[in-house]
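Participant:
Residue numbers (this note's numbering): 772 to 1145.
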């Protein structure tokens, strides 16, 4: 049953939609696929494969001397330029784009080179000033501490891009802040493992509220389907998401028993230590935003903020869904980057351990169908 269910040959699945249909054909499987997915017993040594974050470069404020950067024209004219852009975002969690025309149209065209813009209660592509239009502190002039956006979504936004449209002479302050959340989490884990464990396992509430708008006349009343911890991991224990915004945090405590006894005191100790790391001089990358240079960052990894400002400031930008971004990245990685390094390591392990040289594999058409599953 398992074999028939997982066949990906052309006669068993519609390759354009990957939807199965009935047939009486025989099924063929690559040996590598069978070994990788064997479940009783498992035949792959997962500890020998590269982790999800092994290729990522963690950084502190010293990266200011040589930040990851690409040129607008390169991104807009070639797929390889998009690959170089997304590769830097994947590696560092952020990237600057220089040479952008100072218009919202050029900025929107840039972000659409990645994927669709993600619509939220803020709209799609933003072009705004500090007018508190959405009842959100981001639309004000006040200082914002390092945070991730949309913690109140069940699926937080993946990428976020900002581009300043008004000359810096129109305002004072408003410097941009980035903090590598994965590096900060590692510092916390190394120095205070008990705090890291608590913030990895204790879910906290998040919310967003606001007045009505044309698209949401009944107002904003955002809550995720469930509570989430600050640090979220995959099935192999790799950190894949930081969810932290003190301004959007709901009321902790109440029913469920998660904060009973001394847990509340330990939780506040952990938060105090975590915030101390985020606010440390070493962790914070400050920069002055300029017309013609945009910053894009992975909202699941990099926290952002800003200093207070006065005067008139016009900013534009947008969100991209995380799954859309990662899908685009994988496709370009196959085209220009030699494929998934974890998959390459897996195939090498299988070849070494199981001696598959000379074994027959599926037909050419079948091999194409299996490509995304090996």
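Here a beta-carbon is modelled for each residue, glycine too, at the ideal position from N, C-alpha and C.
#1: Between 808, 1115, 1108 and 979, which has its C-alpha nearest residue 855's C-alpha?
#2: Return the chain-ordered list of same chain residues with a C-beta closer than 6 Å to the C-beta of residue 1110, the five sequence neighbours on each side being excluded.
#3: Have a look at residue 767 and residue 875 and give me their C-alpha separation to the nearest angstrom.
#4: Where does residue 1075 sit, in a helix, a strand or coil, going by DSSP?
#5: Taking residue 1113 as the reference, which of 772, 1079, 879 and 816 has the closest Cα?
#6: Flag this pair as touching only if the stretch 885-899 and the stretch 1034-1053 have three or more C-beta atom pairs under 8 Å; answer yes or no.
#7: For residue 869, write down the residues that DSSP places opposite it in a beta bridge.
#8: Just verifying my parser: in three-state terms, what is the DSSP assignment at residue 876?
#9: Residues in its own chain within less than 6 Å of residue 1066 by CB, not counting five upstream and five downstream?
#10: Looking only at C-alpha atoms, which of 812, 822, 810 and 806 sits nearest to residue 1007?
#11: Leaving out the 5 sequence neighbours to the left and right, which residues in its chain are closer than 7 Å to residue 897 when beta-carbon positions are compared?
#12: Taking C-beta to C-beta, are residue 935 and residue 1076 nearer than 7 Å?
#13: Buried or exposed for residue 905, please, with buried defined as at least 16 other CB atoms from any protein chain shown within 10 angstroms of its CB.
#14: Quick one, are the C-beta atoms of residue 1064 and residue 937 less than 7 Å apart?
#15: Are the CB atoms of residue 919 and residue 1016 nearer to each other than 7 Å?
#16: With DSSP collapsed to three states, give me the class of residue 943.
#17: Considering residue 1042, what are the terminal residues of the alpha helix (DSSP H) in which it resides?
#18: With DSSP as the reference, label residue 852 as helix, strand or coil.
#19: Run through the DSSP bridge pairs and tell me what residue 822 is partnered with.
#20: Taking DSSP's pairing of strands, which residues face residue 1102 in a bridge?
#21: I'd like to confirm the pairing. Which residues does DSSP put opposite residue 891 in its beta bridges?
#22: Do residue 917 and residue 1074 have their C-beta atoms within less than 7 Å of each other?
#23: Report the partner residues of residue 1067 according to the DSSP bridge assignment.
#24: Out of 1082, 1061, 807 and 1051, state which residue places its alpha-carbon closest to the alpha-carbon of residue 947.
#25: How big is the Cα-Cα spacing for residue 926 and residue 873?
#26: Would you grab the beta carbon distance between residue 829 and residue 954 for me? Rounded to a whole angstrom, and I think it's under 8 Å.
#27: Which same chain residues end up closer than 6 Å to residue 913 when comparing Cβ atoms and leaving out the 5 residues on each side of it in sequence?
#28: Tell me whether residue 1050, by its Cβ, gets closer than 6 Å to a heavy atom of the ligand FMN.
#29: Count the other CB atoms, across all protein chains shown, that sit within 10 Å of the CB of residue 972; report buried if there are 16 or more and exposed otherwise.
#30: Which of the three DSSP states is assigned to residue 958 in this structure?
#31: Using only alpha-carbon positions, find the residue among 974, 939, 900 and 997 that is nearest to residue 1059.
#32: Using the C-alpha atoms, what's the distance from residue 773 back to residue 808?
#33: Look up residue 1093 in the DSSP assignment and say whether it is helix, strand or coil.
#34: What does the Cβ neighbour count give for residue 1022, buried or exposed, with the cut at 16 atoms within 10 Å?
#35: Looking at the secondary structure, which residues open and close the alpha helix (DSSP H) in which residue 971 lies?
#36: Using the Cβ count rule (16 or more neighbours within 10 Å means buried), how would you classify residue 1012?
Facilitator: The answer reads as follows:
#1: 1108
#2: none
#3: Because residue 767 is not part of the residues shown, which for the chain are 772 to 1145, the question remains open.
#4: strand
#5: 816
#6: no
#7: 842
#8: helix
#9: 867 and 933
#10: 822
#11: 1087, 1088 and 1089
#12: no
#13: Below a pLDDT of 50, predicted positions are generally treated as unreliable, and residue 905, at 44, falls in that range; no measurement from the model is reported.
#14: no
#15: yes
#16: strand
#17: 1034-1049
#18: helix
#19: Bridge partners of residue 822: none, in fact.
#20: Residue 1102 is not bridged to any residue.
#21: 894
#22: yes
#23: 866 and 932
#24: 1061
#25: 31 Å
#26: 4 Å
#27: 1079
#28: Absence of the ligand FMN from the depicted structure is noted, as is the absence of any ligand whatsoever, leaving it without description.
#29: exposed
#30: helix
#31: 939
#32: 11 Å
#33: helix
#34: exposed
#35: 964-972
#36: buried
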